[in-house]
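Trainee: First residue of the sequence shown: 3, per this note's numbering; consecutive thereafter.
Cβ atoms here follow ideal geometry from the backbone N, Cα and C, with glycine treated the same way.
No experiment lies behind these values; they were computed from the predicted model shown.
Quick one: the structure is below, and I'll ask about it shortly.
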Amino acid sequence: IFTDPWAQEIVVDRWLVDEMGLQVGDPVSLYPFANAPEGFTLTVVGILDGVSLGSSIVPLEVARGLFDLPGQATAAQVVTKMSGTTLETELWKQEGVESVFDMHRARTRVTGNFEGSESVLMFGLFMAIGIAVLFLAILAGLDAVDRAPDLAVLQAVGWRDRAVLGLCLTEVMTRGLLALAIALPLAPVLANVLLDQISAANHYRMHLETPPWLTLSLLGLALALIPLGAIPAFRASRHVTPARAMRMLTRE
3 IFTDPWAQEI VVDRWLVDEM GLQVGDPVSL YPFANAPEGF TLTVVGILDG VSLGSSIVPL
63 EVARGLFDLP GQATAAQVVT KMSGTTLETE LWKQEGVESV FDMHRARTRV TGNFEGSESV
123 LMFGLFMAIG IAVLFLAILA GLDAVDRAPD LAVLQAVGWR DRAVLGLCLT EVMTRGLLAL
183 AIALPLAPVL ANVLLDQISA ANHYRMHLET PPWLTLSLLG LALALIPLGA IPAFRASRHV
243 TPARAMRMLT RE
């Protein structure tokens, strides 16, 4: 990646690129720790997608000079075709090695922390749809009670139960489709904002991958359940009679 071990170059993580607006060729000031009086000015020569959020890679001699460790190293990453067990055995034979850490096991450990998250996410999505349908049902029922005199007039002029049910379904579906039209483009944006906050707090990059079947399944489920929100309104409308509506208007 680098031209030589002393090259004033750096490879940065994509998260840093997004946060700082960096691109290849830009200068970057790198310090060994916060509030350090001196650091190096390096040139971005590459961008990587790393596991650790905000990570960067510099040439070995540059890292030694940055931390004032001439001829030393606190850690080294070894990439080889050897098996993990064989490599670990060989590394322990080297002088000065104090610990060996398998990056594959590290990745497995990190991803293992998020096992079950898909099930929790699915449960949360189904709960959100259920709560939305319940909200539509409550809203439709309240509307039916408030508009009882209007429904009584419709029944008096000959509207049948089927026509009233169609009216309730039309209102609930209109509200539901409007909510879906707002939620579908807005949900990925809000999800990415949330994942960015989680990534920044845990120092691990997290991104949203939504399979097409999930979007279609949730959309189909929502369209199937939204009409159920009309049931309370329809039940309330069946108990409205012209006489009852007149009494309600008299009380008002």
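Any chance the region 32 to 44 sits against the region 62 to 71, with 3 or more Cβ pairs inside 8 Å?
Mentor: Yes, they touch.
Trainee: I'd like the span of the alpha helix (DSSP H) that includes D20, first residue to last.
Mentor: For the purposes of this step, residue 20 is taken as residue 18 along the sequence shown, with counting starting at 1. Start and end: 16 to 22.
Trainee: Could you give the DSSP three-state label for P190: helix, strand or coil?
Mentor: The residue labelled residue 190 in the question sits at position 188 within the sequence shown. DSSP places P190 in helix when its eight states are reduced to three.
Trainee: With which residues is T45 paired in a DSSP beta bridge?
Mentor: To locate residue 45, count along the sequence shown from 1; it is residue 43. DSSP, once it has assigned bridges, lists E11, P29 as partnering T45.
Trainee: Taking only the alpha-carbon atoms, compute the straight-line gap between V13 and G23 and give it to the nearest angstrom.
Mentor: For the purposes of this step, residue 13 is taken as residue 11 along the sequence shown, with counting starting at 1. For the purposes of this step, residue 23 is taken as residue 21 along the sequence shown, with counting starting at 1. V13 and G23: Cα-Cα distance of roughly 14 Å.
Trainee: List the endpoints of the continuous alpha helix (DSSP H) containing W161.
Mentor: Counted from its first residue, the sequence shown places residue 161 at position 159. Neither: W161 is in no alpha helix (DSSP H) and is coded neither H nor E.
Trainee: Tell me which same chain residues have a C-beta within less than 7 Å of the C-beta of D28, skipping the five on either side of it?
Mentor: For this step, residue 28 is matched to residue 26 along the sequence shown. Within the same chain, D28 has close Cβ partners V46.
Trainee: Taking a contact to mean a Cβ-Cβ separation below 8 Å, would you say A224 touches I131 in this structure?
Mentor: Counting from 1 along the sequence shown, the entry for residue 224 is found at position 222. Counting from 1 along the sequence shown, the entry for residue 131 is found at position 129. Yes, these two residues count as a Cβ contact at 8 Å.
Trainee: DSSP on S57, reduced to helix/strand/coil?
Mentor: As a working mapping, residue 57 is identified with position 55 in the sequence shown. Correct three-state label for S57: coil.
Trainee: Taking I49 and V26 to be in contact with their CB atoms under 8 Å, please state how far apart those CB atoms are, rounded to whole angstroms.
Mentor: The count along the sequence shown starts at 1 and reaches residue 49 at position 47. The count along the sequence shown starts at 1 and reaches residue 26 at position 24. Right, their Cβ atoms sit about 7 Å apart.
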